[in-house]
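Have a look at the structure below, then the notes.
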Amino acid sequence: MEVATEDPPEEDTHPIAVAAEQQTEVAGVEALIEASLTTGKKRRKHYSMKEKRAVLWAIEGMSEREAAQTQGILRWTLNDWRKTKEEIFTYSCSEKHLSRGLGRREIVPIGMELVTLMKDTRRDCEVLTAKIMAEFVRDQHPDWLQSYLEGKQDAATSYESLLRLLRRFAYRHGFVQRTSSGLKVM
456 MEVATEDPPE EDTHPIAVAA EQQTEVAGVE ALIEASLTTG KKRRKHYSMK EKRAVLWAIE
516 GMSEREAAQT QGILRWTLND WRKTKEEIFT YSCSEKHLSR GLGRREIVPI GMELVTLMKD
576 TRRDCEVLTA KIMAEFVRDQ HPDWLQSYLE GKQDAATSYE SLLRLLRRFA YRHGFVQRTS
636 SGLKVM
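The numbering used here puts the first residue of the sequence shown at 456, with every later residue one more than the last.
Put into structure tokens, the structure is as follows:
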């Protein structure tokens, strides 16, 4: 018995076929690299009150899916806007603002008095430090200070925490320590 020795079909080694194959491989690699670079973290889209009102007027009477497709906005975002429709339309401040709220509530209930102290200190050409602010709080508002320090571990931690709170408060209200090299947080 003779063994059939058929050679496997040879691959096409024609230069044009090889070049075309290499070109498709290169295109595939480039597409893979581009896809990996562009699939970063998706940024959150922010809408002003004016945009929200315009979208709500435009989607009046539409279904959720239809409205989302026509406006290019996610369904749950539109659903949230529909739930707060009254608040969006009764909002009377600047239409450039992104939300109805005024931000996080201030933890320091004596904020106005602290701002007055900071302005007076600067007006008198004195150096404004967190230590001066802490002394003011200790002298003028011992009850609030006691309630603030209740949950802290020890005296050193609580004092550092108070100073950090007062530095951030001063920075939020536009008070920064001026140095020759620029601005420095107190």
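Note that CB positions come from ideal geometry on N, CA and C, so glycine has one too.
- Between R577 and A611, the alpha-carbon positions lie close to 28 Å from each other.
- With respect to K551, S613 sits apart: the two C-beta atoms are not nearer than 7 Å.
- DSSP places Q524 in the helix class (H, G or I) of the three-state scheme.
- The distance from the Cβ of L621 to that of M588 is about 4 Å, consistent with a contact at the 8 Å cut-off.
- Between the segment 542 to 551 and the segment 593 to 608 there are fewer than three inter-stretch CB-CB distances shorter than 8 Å, so the stretches are not counted as touching.
- Q477 sits in a helix when the DSSP states are folded into three classes.
- Listed in chain order, the alpha helix (DSSP H) runs fully inside the segment 583 to 639 are 585 to 595, 597 to 604, 610 to 627, counting runs of at least 4 residues.
- In this model, D609 and L618 are separated by some 14 Å (Cα to Cα).
- Separation of A486 and R499 (C-alpha to C-alpha, rounded to the nearest whole angstrom) is 25 Å.
- By the beta-carbon neighbour count (other beta carbons within 10 angstroms, threshold 16), A474 is exposed.
- Each residue's CA atom was taken as its position, placing E541 and K507 some 12 Å apart.
- DSSP, reduced to helix, strand and coil, places D579 outside both helices and strands of the structure shown, so it counts as coil.
- Judged by their CB atoms, V570 and H628 are nearer to each other than the 7 Å cut-off.
- When rounded, the separation of the alpha-carbon atoms in W536 and I528 is 11 Å.
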